[in-house]
Amino acid sequence: MILPNDILSVLAKDVTITSSSETLLQFVVNAHIQRLNFNLRDSLSALLRDLDSWDRLTLTATISGEPISYASNQLNNELFFATWESEEDVIDDLDFVEIDLRIDKGKLKGDTVNIYNVAIFERYLQELKIFDFVSVFSSFFSSGNSDLFLINPSFKNHFHTNSIHLISDPDFKKNGNVGKIEHIKLWEKLKSVSHFSINGSNIMLPDDFEVLHKGGLSNLTIDKFSVSCLAFSMAILNDFSVLKDDKLSLKMNGYKTISAEVDLKSLKLENLPSYYNIYRWVTSNGGLQDKIGLSRNLISLNISSNDNYSIDQSVYTSILSGFKVYEKQNVKQYIDLRNKMSDQIFGFNEKAGKVIEAFASGFQKSALAVVSLYATMIISKIISSKTLVDLFSLEATILSISFLLASFLYFFVCRWEVKHQKERLIDTYNKMKTRNEDLLTKEDIQRILNNDSEHKSDLEFIDKKTKVYSRLWIGIILLLLFLTIVLHLMYKNNVEHNLNSIVVNKDSTIDNHLNCIDYKDSNLNIKLDKVSDTLKVKKKARQ
157 MILPNDILSV LAKDVTITSS SETLLQFVVN AHIQRLNFNL RDSLSALLRD LDSWDRLTLT
217 ATISGEPISY ASNQLNNELF FATWESEEDV IDDLDFVEID LRIDKGKLKG DTVNIYNVAI
277 FERYLQELKI FDFVSVFSSF FSSGNSDLFL INPSFKNHFH TNSIHLISDP DFKKNGNVGK
337 IEHIKLWEKL KSVSHFSING SNIMLPDDFE VLHKGGLSNL TIDKFSVSCL AFSMAILNDF
397 SVLKDDKLSL KMNGYKTISA EVDLKSLKLE NLPSYYNIYR WVTSNGGLQD KIGLSRNLIS
457 LNISSNDNYS IDQSVYTSIL SGFKVYEKQN VKQYIDLRNK MSDQIFGFNE KAGKVIEAFA
517 SGFQKSALAV VSLYATMIIS KIISSKTLVD LFSLEATILS ISFLLASFLY FFVCRWEVKH
577 QKERLIDTYN KMKTRNEDLL TKEDIQRILN NDSEHKSDLE FIDKKTKVYS RLWIGIILLL
637 LFLTIVLHLM YKNNVEHNLN SIVVNKDSTI DNHLNCIDYK DSNLNIKLDK VSDTLKVKKK
697 ARQ
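Our numbering numbers the first residue of the sequence shown as 157 and each following residue consecutively.
Structure (structure tokens):
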């Protein structure tokens, strides 16, 4: 990573910075430089090789009123270098050149953003109103990131909250202490108990602003994070809240109804541990609805509207004690809930059984229909001709294969239905667990459900039985198809044999007729010869 001061020192020996600013998206510095370095080509190109690929640098120099620009994302900056070098004979050491150095960080790359000057970035954060301060980070976390790493190699300390880290070493990201906050999942739960209006994409939480290590940052910057943490804790614990600029509007429905508009600039940070501890307790280990209801009741009784809505740290202890009493009063409800979940598990067992029963019923109906068809054909053939050889004519074979194909298609329909019902069973089971998370801890739910062992057993039962019936179904279809084809081939061979027999019989009949005709012809010739001889004898006698 390069630093802007390194670039400016390459451009000239004398550098006077006139203005500078840095946000999460952009770094800008304006300067006047004198005693220019006109042999810039190699040194600047070598320096910019260390620019991170996701950042884009634009360097604009105004010489004699004419701007020339160098852009890191351009393949050819020859015009900039040629113009710069051509000014060597025109500009002397007393002339100054205006420089505009701009680094666009573009879209936030993954979960890492370069910070080119920590002091300038701090100044930017300090000048923001709380609404804008929160929005700067919210725009990053709304894209799904769980941590934000701000990298500055010259920063020797380490500042971090639960999710925002200002560090010098990018390898810190590999540490196992990051990525613990599930913003989207927690906000989905909080929406059911708290209506916090800040902006459409906000998913920030008080945890994001809890300073765990100051890292040498100024008190003004630390206070900005702490005020944001306190404001978010207060907002979530109230029923309705609106953040605008440095004002937080609140409404709480507890034993008392409280409406207020709090000036965040005058908040007492001594209240941060009280509000933040209550927030952390409310959002941990389930029971969200009951916990936040009890907290609002006790906060509304102990809040001081004359002291900018401060609460004493003892309120947190009172809430914990009150919840223990509440839990004892609700032991019966807890037992009833466990029994209800046990009944639901039994219901899931029945549903799993019904899924397989429906599939088995489809198998039985299909098998019965096909077997009935074949039995009817066989019995009728035996009664009519006492033989099975001529059972599967072409028409009968086509009809049989059509029935087998219909059974095969029906098999796929039944398999699809089993898959659909299984997915629905899984979805219903998961929703049942989610619904009970407001009343029971995740650990307790898993204990009641025996770590989902019965649910997994139901799914295995469905898969096992589906495989067994599928193999039987396909096996019967293939067996009947094989028998149909074999019997059809036998029928075909028998037909051909009969045709050949008929042809041979016809040929022998014709030969017999011909022989008979030849015999008659020979007898006729003999008779004619005898008549001729008789006539000759009579003729001689007359003579």
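Don't be surprised by glycine CBs; every beta carbon is placed ideally from N, CA and C.
It should be emphasised that the depicted structure is a prediction, and the values quoted were computed from it without experimental measurement.
Alpha carbon to alpha carbon, how far is residue i from residue j?
i	j	result
Ile604	Gln445	21 Å
Asp206	Thr377	30 Å
Gln182	Leu406	35 Å
Ile557	Lys620	29 Å
Asn607	Met497	13 Å
Phe519	Trp629	6 Å
Ala391	Ser384	10 Å
Thr179	Phe277	6 Å
Val290	Ile601	35 Å
Ser389	Pro429	10 Å
His644	Phe564	20 Å
Glu483	Gly300	36 Å
Lys421	Asn186	32 Å
Phe328	Phe305	9 Å
Ser302	His316	13 Å
Asp248	Asp170	13 Å
Gln500	Asp379	50 Å
Asp325	Glu283	27 Å
Asn433	Asp162	46 Å
Tyr431	His321	23 Å
Ile641	Arg571	27 Å
Val471	Leu457	10 Å
Glu244	Ile323	41 Å
Tyr566	Lys589	35 Å
Ile467	Val274	35 Å
Ile158	Arg452	51 Å
Lys648	Leu550	9 Å
Lys347	Asp288	22 Å
For the alpha helix (DSSP H) containing residue i, name the first residue and the last one.
i	result
Lys400	Where Lys400 is concerned, there is no enclosing alpha helix (DSSP H), although the beta strand (DSSP E) it sits in stretches over 396 to 400.
Gln577	550 to 592
Lys480	470 to 485
Ser460	Premise fails: Ser460 is in no alpha helix (DSSP H) and is neither H nor E.
Tyr272	Here Tyr272 belongs to no alpha helix (DSSP H), and DSSP marks it neither H nor E.
Glu599	598 to 604
Asn464	Looking at the DSSP string, Asn464 is not in any alpha helix (DSSP H), and its letter there is neither H nor E.
Indicate the three-state DSSP secondary structure (helix, strand or coil) for residue i in the structure shown.
i	result
Met408	strand
Phe712	The requested residue 712 does not occur in the structure, where the chain is confined to residues 157 to 699.
Asp248	coil
Gly332	With a pLDDT of 49 at Gly332, under the threshold of 50, the predicted position of this residue should be treated as unreliable, though the coordinate-derived value follows. Residue state, collapsed to three classes: coil.
Lys285	coil
Ser609	helix
Lys403	strand
Ser440	coil
Lys648	helix
Ile434	helix
Asp162	helix
Leu423	coil
Ser374	coil
Ala531	helix
Asp446	helix
Which residues mark the beginning and the end of the beta strand (DSSP E) in which residue i is found?
i	result
Ser177	168 to 178
Ile414	413 to 419
Assess, as a yes-or-no matter, whether the segment 241 to 254 is touched by the segment 210 to 222 under the definition of 3 or more beta carbon pairs within less than 8 Å.
Verdict: yes, contact present.
Using 8 Å as the Cβ pair cut-off and three pairs as the minimum, do the segment 410 to 425 and the segment 359 to 374 touch?
Because the criterion of three Cβ pairs below 8 Å is not met, the segment 410 to 425 and the segment 359 to 374 do not touch.
At which residue ranges does the segment 188 to 269 contain complete alpha helix (DSSP H) runs of 4 or more residues, listed in the order of the chain?
Counting only runs of 4 or more, we get 197 to 204, 234 to 242.
Runs of 4 residues minimum, wholly inside the segment 290 to 368: which ones carry the alpha helix (DSSP H) assignment?
Qualifying alpha helix (DSSP H) stretches, in chain order: 339 to 346, 362 to 365.
Cβ contact check for the segment 560 to 572 and the segment 581 to 596: 3 or more pairs under 8 Å:
Cβ pair count under 8 Å is below three, so no.
Using a Cβ distance threshold of 8 Å, determine whether the segment 231 to 238 contacts the segment 180 to 195, with at least three qualifying pairs required.
The segment 231 to 238 makes no contact with the segment 180 to 195; the number of CB pairs closer than 8 Å stays below 3.
Between the segment 457 to 471 and the segment 503 to 523, do three or more beta carbon pairs fall short of 8 Å?
Flag = no, the segment 457 to 471 and the segment 503 to 523 do not touch.
Are at least three pairs of beta-carbons, each pair with one atom in the segment 609 to 619 and one in the segment 519 to 533, less than 8 Å apart?
At 8 Å Cβ cutoff, the stretches do not touch.
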